[in-house]
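For reference, the structure discussed in these notes is given below.
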DNA sequence: GCATAAAGTTAGTCTAGGCTAACAATCTGC
DNA sequence: GCAGATTGTTAGCCTAGACTAACTTTATGC
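Chains as they are written, first to last, in this note's numbering: chain Z, 1 to 152; chain R, 153 to 304.
Shown next, in the form of structure tokens:
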């Protein structure tokens with residue numbers, strides 16, 4: 001599973017093959033949860049680079065609604081996992097891997113958002129819910145969402 | 153916000169009123185994430201009591217796909233938060249509050265699941281995605297899901 | 001009714017992801 | 001070009017949620 005590539009250091013989960021369907025589902029949710037924050041960060045970093053020209057920790061902190069030290073620590077993990085590069089007191093850059101993940105996330109986010117809007121949801125609620133939902137949508141579900149949002 | 157009542161001991165988040173929409177959305181996701189595990193547990197406990205007559209830690213561990221000590225620690229938190237009662241070496245019971253939360257979760261889970269199925273998703277994927285999505289769906293979105301699943 | 005198996009608990013470790021306090025570096029305005 | 005403001009980092013603390021190892025209690029089979 002590609003989504004796990006940068007999570008090798010994480011404690012091994014019980015073998016899902018021996019567990020029942022329910023346990024598999026929970027296992028999947030835990031795996032997704034592990035990656036959520038990283039996905040949110042690379043997506044935001046890509047956006048900041050696009051709109052501001054650079055991704056500064058202070059802006060990341062503001063957009064994420066957390067403090068600067070939290071951002072610093074998280075960026076350390078992202079760098080360790082090969083998603084970003086950074087130099088001390090300088091702004092942040094995405095690696096190829098980080099850029100690819102950001103693109104994928106943005107794609108998923110947009111489909112989920114368009115889908116919710118096409119259901120008739122107001123844009124503020126749609127944005128908030130999309131932020132939570134996007135990390136838990138399988139390829140199959142995403143395809144159905146996209147098809148629905150594109151119906152005439 | 154009722155969902156926060158049993159999370160008083162958790163570190164205070166930055167005031168969402170001062171943050172922008174994006175930060176609010178992330179804040180909401182973090183709040184939801186805090187409650188996810190508790191919701192999964194009470195939902196499962198209610199189900200076990202209904203189907204097996206009692207909720208034993210060993211069954212919770214199997215269904216959740218985690219080890220027994222993890223279950224023990226988590227049950228300790230649920231008891232502390234007033235969602236369950238337990239006696240040493242005995243099975244687990246829901247408090248009124250826990251029962252109410254379980255009911256609400258089951259309700260949300262069922263709507264999300266029926267919605268995904270009505271989109272044409274296979275039941276296995278629907279079950280897995282519902283498990284992740286159900287915690288991130290607002291009341292408003294849930295209402296739309298329910299309406300869609302009930303369309304003729 | 002006792003030995004053993006199964007279930008539950010306790011203790012200790014680890015990582016993620018929050019925070020504050022304190023300090024260091026960079027940027028800005030005069 | 002330097003003082004003060006802004007930004008970034010480091011250190012240290014905390015909780016949640018996962019694990020293993022070791023122990024205790026309860027249940028079971030003969």
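Where is the CB? At the ideal position from N, CA and C, for every residue including glycine.
Kindly give me the distance between the Cβ atoms of residue 177 of chain R and residue 128 of chain Z, rounded to whole angstroms, as I take these residues to be in contact under 8 Å.
Between the beta-carbon of residue 177 of chain R and that of residue 128 of chain Z there is about 5 Å, and that keeps the pair under the 8 Å contact cut.
Sort out for me which residues DSSP pairs residue 244 of chain R with in a bridge.
When beta bridges are read from the DSSP output, residue 244 of chain R appears opposite R:207, R:238.
In the DSSP assignment, the alpha helix (DSSP H) including residue 151 of chain Z goes from what residue to what residue?
No alpha helix (DSSP H) holds residue 151 of chain Z; DSSP gives it neither H nor E.
Would you check if the distance between the CB atom of residue 250 of chain R and the CB atom of residue 235 of chain R is smaller than 8 Å?
With respect to residue 235 of chain R, residue 250 of chain R sits close: the two C-beta atoms are nearer than 8 Å.
Give me, in chain order, the residues of the same chain whose beta-carbon lies closer than 6 Å to that of residue 14 of chain Z; leave out the 5 immediate sequence neighbours on both sides.
Since pLDDT at residue 14 of chain Z reaches only 43, below the 50 mark, its modelled position is unreliable, and the value read off the structure follows with that caveat. Apart from the 5 residues on each side of it in sequence, residue 14 of chain Z has no Cβ closer than 6 Å to any other Cβ in its chain.
Could you check if residue 53 of chain Z is buried or exposed, using at least 16 other CB atoms within 10 Å of its CB as the buried criterion?
Using a 10 angstroms sphere on the CB of residue 53 of chain Z, the tally of other CB atoms stays under 16, which defines it as exposed.
Residue 214 of chain R, DSSP secondary structure in three states
Three-state DSSP puts residue 214 of chain R in a helix.
Tell me, please, whether the segment 217-237 of chain R touches the segment 185-192 of chain R by the rule of three or more beta-carbon pairs shorter than 8 Å.
Yes: at least three Cβ pairs fall under 8 Å.
Alpha carbon to alpha carbon, how far is residue 112 of chain Z from residue 134 of chain Z?
Rounded to whole angstroms, residue 112 of chain Z to residue 134 of chain Z spans 6 Å at the Cα level.
Does any CB atom of chain Z fall closer than 8 Å to the CB of residue 259 of chain R?
It does not; no Cβ of chain Z falls within 8 Å.
Ignore the nearest five residues each way along the sequence and tell me which others in residue 255 of chain R's own chain have a CB closer than 8 Å to its CB.
Once the five neighbours on either side are set aside, the close Cβ partners of residue 255 of chain R are 198.
Note down the Cα distance separating residue 63 of chain Z from residue 42 of chain Z, rounded to an integer number of angstroms.
Annotation: residue 63 of chain Z to residue 42 of chain Z spans about 13 Å, alpha carbon to alpha carbon.
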